[in-house]
Amino acid sequence: MKDKRILYVSSEVIPYLPETDISSMSFEAARMVNGLGGQIRIFMPRYGNINERRHQLHEVIRLSGMNLVIDDLDMPLIIKVASIPKERMQVYFIDNEDYFKRKATLTDEEGNLFPDNDERAIFFAKGVIETVKKLNWSPDIIHVHGWLSSLLPLYLRNYYGNEPLFSGAKIVTSVYNQSFDESLDTSMHKKILFDGLETENVKHLKKPTYVNLMKTAIDNSDAVIIGGDDIPAELSKYLKKLEKPVLDYKTPEEFSTAYQDFYNTQVLSQ
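Numbering (the UniProt record's numbering), first residue to last: 1 to 270.
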């Protein structure tokens with residue numbers, strides 16, 4: 001993995017949020033590649049329950065200041081950055097006053113999904129890509145974790161399909177068992193179509209359930225990693241029909257060698 005550039009895009013990363021399969025693996029995979037001499041960038045949302053003072057987040061003025069259009073509305077993009085202690089790894093945070101200031105991640109105190117999670121996902125995907133463009137950093141692999149990140153492959157392959165910076169990048173999506181039972185806003189696909197994507201691109205998102213979000217990510221990825229040992233049965237069935245590389249679930253103790261081999265022999269070799 002030496003000198004390979006890998007972009008990790010995740011809905012959650014430790015130590016900024018509590019430990020889950022997603023937050024742990026987003027961190028551990030990046031640390032592994034970093035330790036092997038690879039170049040990594042990590043992106044996540046700047047949720048309002050992340051303690052900026054404790055984690056020493058600060059705004060990057062040269063990257064901030066852009067407006068992203070979400071369903072015909074201009075939404076300001078703010079970029080913050082922090083360093084993970086002892087790891088020499090920087091994390092970039094996608095921020096916006098309307099979408100991420102609230103003191104929670106994806107649900108309210110009663111456990112209900114926020115009604116604008118669909119727009120937050122669109123904003124996050126476009127915000128990551130626009131920021132990487134400003135950094136002028138061309139990744140070899142883009143590894144996506146968590147359903148709030150699931151639109152990134154869709155936008156990268158379609159909305160940004162002619163962007164030279166990403167022309168050689170391979171997209172890997174990890175599928176976890178951290179899901180939700182309800183559906184996101186049923187007009188989500190119309191908000192994506194507003195960006196000029198084709199109807200075929202959003203066929204799953206007419207009913208934006210967790211499974212359909214992940215199907216959309218999978219369809220636009222070059223390879224898939226099963227990140228949890230109990231993913232939804234419908235997704236397991238969907239993955240078995242794929243004609244693209246799929247890595248079965250690996251425990252935290254065995255993932256390192258398996259991920260390295262998968263990156264090198266299945267993803268980068270395509």
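Just so you know, even glycine gets a beta-carbon here, dropped at the ideal spot from N, CA and C.
Closest by C-alpha distance to D261, when choosing among D21, A29 and T20: What you label residue 261 is simply residue 261 of the sequence shown in a count that begins at 1. Minimum Cα distance to D261 is reached at A29.
Assigned exposure category for L205 - 16 Cβ within 10 Å defines buried: Walking along the sequence shown from the start, residue 205 turns up at place 205. It is buried - the Cβ of L205 has at least 16 other Cβ atoms within 10 Å.
F123 to L68 span [Cα, whole Å]: The residue labelled residue 123 in the question sits at position 123 within the sequence shown. The residue labelled residue 68 in the question sits at position 68 within the sequence shown. If I take the Cα positions, the gap works out to 7 Å.
Stretch-stretch touch, CB-based, cutoff 8 Å, three pairs: the segment 193–209 with the segment 171–185: yes
Close beta carbons around M188, own chain, < 6 Å, minus the five adjacent residues each side: Position 188 of the sequence shown, counted from the first residue, corresponds to residue 188. Within the same chain, M188 has close Cβ partners D118, L205 and P208.
Helix, strand or coil at V81 according to DSSP, with G and I counted as helix: As a position in the sequence shown, residue 81 is number 81, starting the count at 1. In the structure shown, V81 sits in a strand (DSSP, three-state: E or B).
Y92: first and last residue of the uninterrupted beta strand (DSSP E) it sits in: Locating residue 92 in the sequence shown gives position 92, counting from the first residue. That run of the beta strand (DSSP E) goes M89 to D95.
Nearest candidate by alpha-carbon position, reference L63, set E109, Y92 and E243: As a first step, residue 63 is located in the sequence shown; it is residue number 63 there, counting from the start. Checking every option, the nearest Cα to that of L63 belongs to Y92.
C-alpha distance - E110 paired with F100, whole-angstrom precision: Taking the sequence shown and counting its residues from 1, the one referred to as residue 110 is at position 110. Taking the sequence shown and counting its residues from 1, the one referred to as residue 100 is at position 100. One C-alpha to the other measures close to 18 Å.
Own chain residues within Cβ distance below 7 Å of F194, not counting five before or after: The count along the sequence shown starts at 1 and reaches residue 194 at position 194. Excluding residues within five positions, the ones whose Cβ falls inside 7 Å are D71 and D72.
Neighbourhood of S24 by C-beta distance below 8 Å, restricted to the same chain and skipping five residues each side: The residue given as residue 24 occupies position 24 in the sequence shown. Hits under 8 Å: I14 and P252.
Residue ranges of each alpha helix (DSSP H) within the segment 135–177, 4 or longer: 152–157
Secondary structure of Y8, DSSP reduced to three states: For the purposes of this step, residue 8 is taken as residue 8 along the sequence shown, with counting starting at 1. Of the three classes helix, strand and coil, the one that applies to Y8 here is strand, per DSSP.
Residue interval of the alpha helix (DSSP H) (run including N212): The residue labelled residue 212 in the question sits at position 212 within the sequence shown. Taken as a continuous stretch (DSSP letters only), the alpha helix (DSSP H) holding N212 covers Y210 to D219.
According to DSSP, residues forming a beta bridge with H58: As a position in the sequence shown, residue 58 is number 58, starting the count at 1. According to DSSP, H58 bridges with V81.
Separation of S269 from K103, as counted between CA atoms: Reading the sequence shown from its first residue, position 103 is the one you call residue 103. Reading the sequence shown from its first residue, position 269 is the one you call residue 269. Roughly 43 Å between the two C-alpha positions.
Beta carbon proximity, S236 to chain C, threshold 8 Å: This model lacks chain C altogether, as it is built from one protein chain only.
Exposure label - E243; buried when at least 16 CB within 10 Å: The count along the sequence shown starts at 1 and reaches residue 243 at position 243. Classification of E243: exposed, given that the 10 Å Cβ count is below 16.
Beta-bridge partners of D74, as assigned by DSSP: Here residue 74 is taken as the residue at index 74 of the sequence shown, counted from 1. Bridge partners of D74: V69.
Stretch-stretch touch, CB-based, cutoff 8 Å, three pairs: the segment 30–38 with the segment 74–81: no
Assigned exposure category for H58 - 16 Cβ within 10 Å defines buried: One-based indexing of the sequence shown puts residue 58 at position 58. The residue in question, H58, is exposed, as its Cβ has fewer than 16 Cβ neighbours within 10 Å.
Distance CB(G227)-CB(S174) smaller than 8 Å: Position 227 of the sequence shown, counting from 1, holds the residue named residue 227. Position 174 of the sequence shown, counting from 1, holds the residue named residue 174. Cβ atoms of G227 and S174: closer than 8 Å.
Identity of the residue in L17, E52, L7 and G38 nearest A125 by Cα: Counting from one through the sequence shown, the residue named residue 125 turns up at place 125. The option with the nearest alpha carbon to A125 is L7.
Assigned secondary structure, M44 (DSSP; H/G/I helix, E/B strand, else coil): In the sequence shown, counting from the first residue as 1, residue 44 sits at position 44. In this structure, M44 counts as strand in the three-state DSSP scheme.
Beta-carbon contacts of Y176 that lie in its chain and below 6 Å, excluding the five residues immediately before and after: Translated into positions along the sequence shown, residue 176 becomes position 176. Contacts found: D21, I22, G227 and G228.
Closest by C-alpha distance to I218, when choosing among P139, P245, T199 and G196: Position 218 of the sequence shown, counted from the first residue, corresponds to residue 218. Comparing Cα-Cα distances from I218 to each of P139, P245, T199 and G196, the minimum goes to P245.
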